[in-house]
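Enquirer: The listed protein sequences derive, respectively, from chains S and D. Under the working numbering, the first residue of the first sequence is numbered 264, with each subsequent residue one higher. Under the working numbering, the first residue of the second sequence is numbered -5, with each subsequent residue one higher. Here a beta-carbon is modelled for each residue, glycine too, at the ideal position from N, C-alpha and C.
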Amino acid sequence: MFARTAWLIFRKDLTVEVRSRETIATTLFFAVSAVLVFAFALVKEGRVVADAAAGILWIAIAFSGTLALGRTFERERYTDTLRALMLAPSDRPAIYAGKLAAVLAMILAAEVVLVPLVAFLFDAAFLKRPAMLAGLLVLGTLGFASVGTLFAAMLVRARSRDVLLPVLLYPITIPVMIAGVRGTAALAQPVPDQPMALFWLMLLAAFDAVFVTLSLWTFEPLMVD
Amino acid sequence: MTIDFDRLEIDGVTRYYGRRRALHNVTFSCGAGEVVAVLGPNGAGKSTLLAVISTLIAPNGGEVRYGSHTARSAGALLRHRLGWLGHELQVYPELTARENLQFFARLMGVSDENAAVAAALASSRLESRAEEPVSGFSRGMRQRLALERALIHRPRLILLDEPFTGLDGPSSDALALRLRALAQAGTLVLLATHDVDLADQVLDRAMVLQSGRLTDVVAGAGWRQAYRAATRREH
């Protein structure tokens, strides 16, 4: 029943997004704009500040991901459908799992455009190790989205939720961001430093295990009390 | 595995929001087949009481018993027997009427989903608009759809928070008739409302809340005076 509920919510969120295209359009527009501004600021005469590409990629992911997190729960708040989901006769953390999967899918979809754009504008070589880069992106985005989904759900009835979400989210996800940036930077070297990238990948997997477990554990008490 | 119940007992329920007491020692009971109103002025605690009964918020004191079960003992199984219709209608405007009903039927674990959806579309008189997005529906059409969404799993207890708000005369009368029919079929209907004229058509009993306290429980014609007295005291 847990997996079925999570799947239903995931599929519903994607169907709604395909119809409205609100989240993916705003996320992508913001991320591409941020990357373009950084490209004009940091690339001079074809030369780029060392490791800038990795930092800019993860900044764009974090900022645009925050927009996606806010939008996905704004829909549930606007029609009060979160209350209807909470009344489903299944374990309530399944709601969290379904929302997390949908947010993750939307941010990853934006990254499909974002990563080649950053690689092109900053002449970054991290696309030479696509499997390792995909691992870093998926695990880093999962770590960021797992905490973000929990906070976005918690704040759904708070008046100043748009301000509070980044204030709460960014300090807690700093370890994920650092691991993502350092792992991606290791891959962006002229000779990719694979052992270093693997180290950061393993660290991200550990962060994810902690964040996802804690979020599943705390979702129902936070939402009910 | 399913559970069922034929009585709802609210026993000394207290709920705080921070330091503000929204409900104070509320005790009340009702049975299947009854339509019971929760009346009271704004801020009396009506919505909080419905939210506690629906298991969406936990009480700080006292407990709610659903037959021999509590929210804690029955867990997710209990929610299979509860339905909720709020002032916000809890349907997705981007999805069609059929998709909304299908989604909630699956979510609530309805066994014969297609039959349940077809019956719900017929009851809401939306069969001809079933494939249209809900965003194009009028308030009355959304309300009919939302009621069927809340009833699609045949709950024993249906909770309605201001269900008559925004409805025109015929739609309100139709809703009142539907609630009466549900009670006759053995559903316990609990509604919070301000609309004393419409409530008059469907009520068996009313509980009057004021500043979080249960001040009166009345049957028949007496509830109207009790409600007016509570509203006057508040002002």
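Please compile the residues from chain S whose C-beta is within a distance smaller than 8 Å of the C-beta of V104 of chain D.
Expert: Near V104 of chain D there are no residues of chain S at all, since even the closest Cβ is about 10 Å away, more than 8 Å.
Enquirer: What do you reckon, are the CB atoms on E28 of chain D and L182 of chain D nearer than 8 Å?
Expert: yes
Enquirer: Return the Cβ separation of R9 of chain D and G61 of chain D in integer angstroms, given the expectation that the two are a contact with Cβ distance under 8 Å.
Expert: At roughly 22 Å, the Cβ-Cβ gap does not stay under 8 Å, so R9 of chain D and G61 of chain D are not in contact.
Enquirer: Is there a C-beta anywhere in chain D that falls below 8 Å from the one on D343 of chain S?
Expert: Judged by the 8 Å Cβ criterion, D343 of chain S is in contact with chain D.
Enquirer: Give me, in chain order, the residues of the same chain whose beta-carbon lies closer than 7 Å to that of M486 of chain S; leave out the 5 immediate sequence neighbours on both sides.
Expert: Taken in chain order, the residues that qualify are M349, R355, A416.
Enquirer: Which full runs of the beta strand (DSSP E) of 3+ residues lie inside the stretch 52 to 89 of chain D, going along the chain?
Expert: Look at the stretch 52 to 89 of chain D and you find these whole runs of beta strand (DSSP E), each 3 residues long or longer: 55 to 60, 76 to 79.
Enquirer: Given that a residue counts as buried once 16 or more other Cβ atoms are within 10 Å of its Cβ, and exposed if not, what is N94 of chain D?
Expert: buried
Enquirer: Is the Cβ-Cβ distance between R123 of chain D and A26 of chain D less than 8 Å?
Expert: no
Enquirer: Taking 8 Å as the cut-off, decide whether the C-beta atoms of F407 of chain S and A451 of chain S are in contact.
Expert: no
Enquirer: Determine which residues of the stretch 82 to 97 of chain D have a Cβ less than 8 Å from any Cβ of chain S, and write them out in chain order.
Expert: E82, L83, Q84, V85, Y86, P87, E88, L89, E93, F97
Enquirer: If we count the other Cβ atoms within 10 Å of its Cβ and call it buried at 16 or more, is L21 of chain D buried or exposed?
Expert: The sequence as given places Thr at residue 21 of chain D; Leu does not occur at that position. Exposed, since its Cβ has fewer than 16 Cβ neighbours within 10 Å.
Enquirer: To which residues does DSSP link F22 of chain D through a beta bridge?
Expert: D:I4
Enquirer: Pick helix, strand or coil for T209 of chain D, following the three-state DSSP scheme.
Expert: strand
Enquirer: Rank S:V298, S:G361, S:E337 by C-alpha distance to the C-alpha of L320 of chain S and give the top, closest one.
Expert: S:V298
Enquirer: Are the Cβ atoms of M201 of chain D and V190 of chain D separated by less than 8 Å?
Expert: Result no, Cβ atoms of M201 of chain D and V190 of chain D do not sit closer than 8 Å.
Enquirer: Just mark F383 of chain S as buried or exposed, buried being the case when its beta carbon has 16 or more other beta carbons within 10 Å.
Expert: exposed
Enquirer: Using a Cβ-Cβ cut-off of 8 Å, state whether I4 of chain D counts as contacting chain S.
Expert: no
Enquirer: If you follow the beta strand (DSSP E) that M201 of chain D is part of, which residue opens it and which one closes it?
Expert: 199 to 204
Enquirer: Note down, in chain order, every chain D residue with its Cβ under 8 Å from the Cβ of T278 of chain S.
Expert: E88, L89, E93
Enquirer: G69 of chain D: which of S:D276, S:L371, S:K362, S:S353 sits nearest, CA to CA?
Expert: S:S353
Enquirer: Whole-angstrom Cβ separation of V366 of chain S and L332 of chain S, contact assumed at under 8 Å?
Expert: 6 Å
Enquirer: Please compile the residues from chain D whose C-beta is within a distance smaller than 9 Å of the C-beta of V419 of chain S.
Expert: Under the 9 Å cutoff, chain D gives no residues; its nearest Cβ is about 13 Å from V419 of chain S.
Enquirer: I'd like the span of the alpha helix (DSSP H) that includes I152 of chain D, first residue to last.
Expert: Counting along the chain, I152 of chain D falls outside any alpha helix (DSSP H), though it belongs to the beta strand (DSSP E) covering 151 to 155.
Enquirer: Compute the Euclidean distance between the alpha carbons of R340 of chain S and R73 of chain D, then round it to the nearest angstrom.
Expert: Rounded to the nearest whole angstrom, the CA to CA distance from R340 of chain S to R73 of chain D is 21 Å.
Enquirer: Ignoring anything shorter than 4 residues or poking outside the stretch 347 to 392 of chain S, list the alpha helix (DSSP H) runs there in chain order.
Expert: 356 to 384
Enquirer: What does DSSP give as the partner residue(s) for R9 of chain D in the beta ladder?
Expert: D:L17
Enquirer: Nearest to F474 of chain S by alpha carbon, out of S:M369, S:L363, S:V378, S:R420?
Expert: Of S:M369, S:L363, S:V378, S:R420, the residue nearest in Cα terms is S:L363.
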